[in-house]
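Residue 163 is where the sequence shown starts when you use the numbering used here, and the numbers rise one by one after that. Quick notes on the structure that follows.
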Amino acid sequence: MILLGTSLLVILGISGFLLLKRFDGLRLASVSLAVTILLLTTITPALADTQIAALGARDETVSADETDLNLNPGGKHYSGLEYAKRTDDAENPVSDDVIKQTIDSETDNRIVFAVSNGSVRLSGRIDNKEDAQNLISKIKKIPGVHEVTYDLGLENVSS
(Lines of atoms letter the chains of each structure in order from A and count residues from 1; the text may use other names and numbers.)
(Lines give C-alpha, C1' and ligand atoms only; values in the text may rest on other atoms or scores of the structure.)
Protein backbone atom coordinates (compact mmCIF):
# COMPACT_ATOMS: atom_id res chain seq x y z
CA MET A 1 0.00 0.00 0.00
CA ILE A 2 2.80 2.39 0.91
CA LEU A 3 4.74 1.35 -2.19
CA LEU A 4 1.70 2.03 -4.39
CA GLY A 5 1.20 5.47 -2.84
CA THR A 6 4.87 6.34 -3.25
CA SER A 7 4.84 5.17 -6.87
CA LEU A 8 1.79 7.32 -7.61
CA LEU A 9 3.45 10.36 -6.07
CA VAL A 10 6.61 9.83 -8.14
CA ILE A 11 4.60 9.42 -11.36
CA LEU A 12 2.52 12.51 -10.59
CA GLY A 13 5.68 14.46 -9.77
CA ILE A 14 7.45 13.53 -12.99
CA SER A 15 4.41 14.17 -15.20
CA GLY A 16 3.75 17.44 -13.40
CA PHE A 17 7.34 18.54 -13.94
CA LEU A 18 7.14 17.75 -17.67
CA LEU A 19 3.84 19.62 -17.99
CA LEU A 20 5.24 22.62 -16.16
CA LYS A 21 7.90 23.04 -18.81
CA ARG A 22 5.14 23.37 -21.43
CA PHE A 23 2.42 25.25 -19.55
CA ASP A 24 3.32 27.84 -16.93
CA GLY A 25 -0.29 27.99 -15.65
CA LEU A 26 -0.05 24.46 -14.31
CA ARG A 27 2.54 25.44 -11.70
CA LEU A 28 -0.10 26.67 -9.24
CA ALA A 29 -2.31 23.64 -9.88
CA SER A 30 0.52 21.14 -9.38
CA VAL A 31 1.75 22.82 -6.19
CA SER A 32 -1.82 22.85 -4.84
CA LEU A 33 -2.23 19.17 -5.69
CA ALA A 34 1.07 18.27 -4.01
CA VAL A 35 0.17 20.18 -0.84
CA THR A 36 -3.28 18.57 -0.74
CA ILE A 37 -1.84 15.07 -1.12
CA LEU A 38 0.76 15.78 1.55
CA LEU A 39 -1.85 17.06 4.00
CA LEU A 40 -4.26 14.21 3.36
CA THR A 41 -1.60 11.55 3.84
CA THR A 42 -0.32 13.05 7.11
CA ILE A 43 -3.51 14.33 8.78
CA THR A 44 -5.91 11.46 8.10
CA PRO A 45 -4.03 8.83 10.17
CA ALA A 46 -3.81 11.27 13.09
CA LEU A 47 -7.56 11.85 13.01
CA ALA A 48 -8.24 8.12 12.93
CA ASP A 49 -5.99 7.51 15.97
CA THR A 50 -7.91 9.91 18.20
CA GLN A 51 -11.20 8.19 17.43
CA ILE A 52 -9.74 4.77 18.21
CA ALA A 53 -8.22 6.07 21.46
CA ALA A 54 -11.61 7.40 22.55
CA LEU A 55 -13.06 3.91 22.30
CA GLY A 56 -10.67 2.70 24.99
CA ALA A 57 -11.51 5.49 27.45
CA ARG A 58 -13.09 4.44 30.71
CA ASP A 59 -14.75 6.14 33.60
CA GLU A 60 -13.16 6.80 36.98
CA THR A 61 -14.08 3.47 38.58
CA VAL A 62 -11.20 1.16 39.43
CA SER A 63 -11.67 -2.57 39.91
CA ALA A 64 -10.10 -4.57 42.74
CA ASP A 65 -7.76 -6.30 40.28
CA GLU A 66 -6.52 -2.94 39.03
CA THR A 67 -5.82 -1.67 42.54
CA ASP A 68 -3.68 -4.75 43.16
CA LEU A 69 -1.57 -3.66 40.19
CA ASN A 70 -0.75 -0.45 42.06
CA LEU A 71 1.25 -2.47 44.60
CA ASN A 72 4.85 -3.29 43.82
CA PRO A 73 5.77 -7.01 43.82
CA GLY A 74 6.96 -6.88 47.44
CA GLY A 75 3.71 -5.21 48.48
CA LYS A 76 5.38 -2.38 50.40
CA HIS A 77 4.77 0.36 47.88
CA TYR A 78 1.43 1.68 46.56
CA SER A 79 1.43 4.10 43.63
CA GLY A 80 -0.82 5.23 40.83
CA LEU A 81 -2.99 7.92 39.29
CA GLU A 82 -6.75 8.24 39.70
CA TYR A 83 -9.15 10.76 38.25
CA ALA A 84 -11.94 12.30 40.28
CA LYS A 85 -15.54 12.56 39.18
CA ARG A 86 -16.42 15.83 37.49
CA THR A 87 -17.83 18.51 39.75
CA ASP A 88 -21.58 18.92 39.30
CA ASP A 89 -23.08 22.27 38.33
CA ALA A 90 -24.63 22.46 41.80
CA GLU A 91 -21.19 22.09 43.44
CA ASN A 92 -18.70 24.88 43.14
CA PRO A 93 -15.08 23.75 42.91
CA VAL A 94 -13.01 24.99 45.82
CA SER A 95 -9.62 26.68 45.58
CA ASP A 96 -6.28 24.95 45.96
CA ASP A 97 -5.90 26.46 49.44
CA VAL A 98 -9.19 24.92 50.60
CA ILE A 99 -8.16 21.57 49.07
CA LYS A 100 -4.84 21.79 50.97
CA GLN A 101 -6.64 22.54 54.26
CA THR A 102 -9.03 19.63 53.75
CA ILE A 103 -6.23 17.18 52.95
CA ASP A 104 -4.17 18.49 55.87
CA SER A 105 -7.03 17.70 58.25
CA GLU A 106 -7.25 14.12 56.86
CA THR A 107 -3.54 13.28 56.97
CA ASP A 108 -0.73 13.11 59.51
CA ASN A 109 2.87 14.28 59.22
CA ARG A 110 3.95 11.10 57.37
CA ILE A 111 2.12 12.21 54.22
CA VAL A 112 3.53 15.03 52.09
CA PHE A 113 1.23 16.53 49.48
CA ALA A 114 1.07 19.28 46.90
CA VAL A 115 -1.93 20.80 45.11
CA SER A 116 -1.82 22.66 41.82
CA ASN A 117 -4.92 23.58 39.80
CA GLY A 118 -6.94 20.76 41.32
CA SER A 119 -4.22 18.16 40.77
CA VAL A 120 -3.10 16.48 44.00
CA ARG A 121 0.24 14.71 44.48
CA LEU A 122 0.68 12.48 47.55
CA SER A 123 3.84 10.83 48.83
CA GLY A 124 5.07 9.47 52.13
CA ARG A 125 4.19 6.54 54.39
CA ILE A 126 0.80 5.15 55.39
CA ASP A 127 -0.28 2.16 57.50
CA ASN A 128 -1.77 -0.15 54.82
CA LYS A 129 -3.40 -0.35 51.40
CA GLU A 130 -6.94 0.09 52.76
CA ASP A 131 -6.00 3.33 54.53
CA ALA A 132 -4.36 4.55 51.33
CA GLN A 133 -7.47 3.74 49.28
CA ASN A 134 -9.73 5.47 51.83
CA LEU A 135 -7.55 8.59 51.81
CA ILE A 136 -7.52 8.71 48.02
CA SER A 137 -11.31 8.26 47.88
CA LYS A 138 -11.83 11.12 50.35
CA ILE A 139 -9.54 13.39 48.36
CA LYS A 140 -11.31 12.55 45.08
CA LYS A 141 -14.63 13.64 46.66
CA ILE A 142 -13.38 17.18 47.32
CA PRO A 143 -15.04 19.51 44.76
CA GLY A 144 -12.37 20.89 42.45
CA VAL A 145 -9.98 17.93 42.62
CA HIS A 146 -9.36 16.61 39.10
CA GLU A 147 -6.75 13.95 39.70
CA VAL A 148 -4.79 12.31 42.49
CA THR A 149 -1.28 10.97 41.92
CA TYR A 150 0.08 8.91 44.79
CA ASP A 151 3.36 7.25 45.66
CA LEU A 152 3.01 5.80 49.15
CA GLY A 153 5.09 3.41 51.20
CA LEU A 154 3.08 0.85 53.19
CA GLU A 155 4.17 0.11 56.75
CA ASN A 156 1.93 -2.95 57.27
CA VAL A 157 1.63 -5.34 54.33
CA SER A 158 -1.01 -7.66 55.81
CA SER A 159 -3.50 -7.14 52.97
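In this text, a Cβ means the ideal position worked out from N, Cα and C, and glycines have one as well. This structure is a prediction, so every number in the text was calculated from the model and none was measured.
| query | result |
| --- | --- |
| Cα-Cα separation, A252 to L316 | 37 Å |
| CB of L297 within 8 Å of CB of E268, strictly | yes |
| Span of the alpha helix (DSSP H) around D266 | 258-268 |
| Whole-angstrom distance between V307 and A246, CA atom to CA atom | 6 Å |
| Residue from V319, K303, A276 whose Cα sits closest to the Cα of Y312 | A276 |
| Segment limits, beta strand (DSSP E) that includes D313 | 309-316 |
| 7 Å CB neighbourhood of I273 in its chain, flanking five on each side removed | L284, G286, I288 |
| Bridge partner(s) assigned by DSSP for R287 | G315 |
| Within 8 Å, strictly: CB atoms of E244 and K300 | no |
| Three-way DSSP call (helix, strand, coil) for I273 in this model | strand |
| Reference V319, options V256, Q295, K291, I199, closest by Cα | K291 |
| Simplified DSSP assignment, three categories, for E244 | strand |
| Rounded separation between K238 and D259 - CA only | 31 Å |
| Per-residue DSSP class, three states only, for T212 | Below a pLDDT of 50, predicted positions are generally treated as unreliable, and T212, at 49, falls in that range; the measurement from the model is reported next regardless. Here T212 sits in helix by DSSP. |
| Identified DSSP bridge partners for S281 | S278, E309 |
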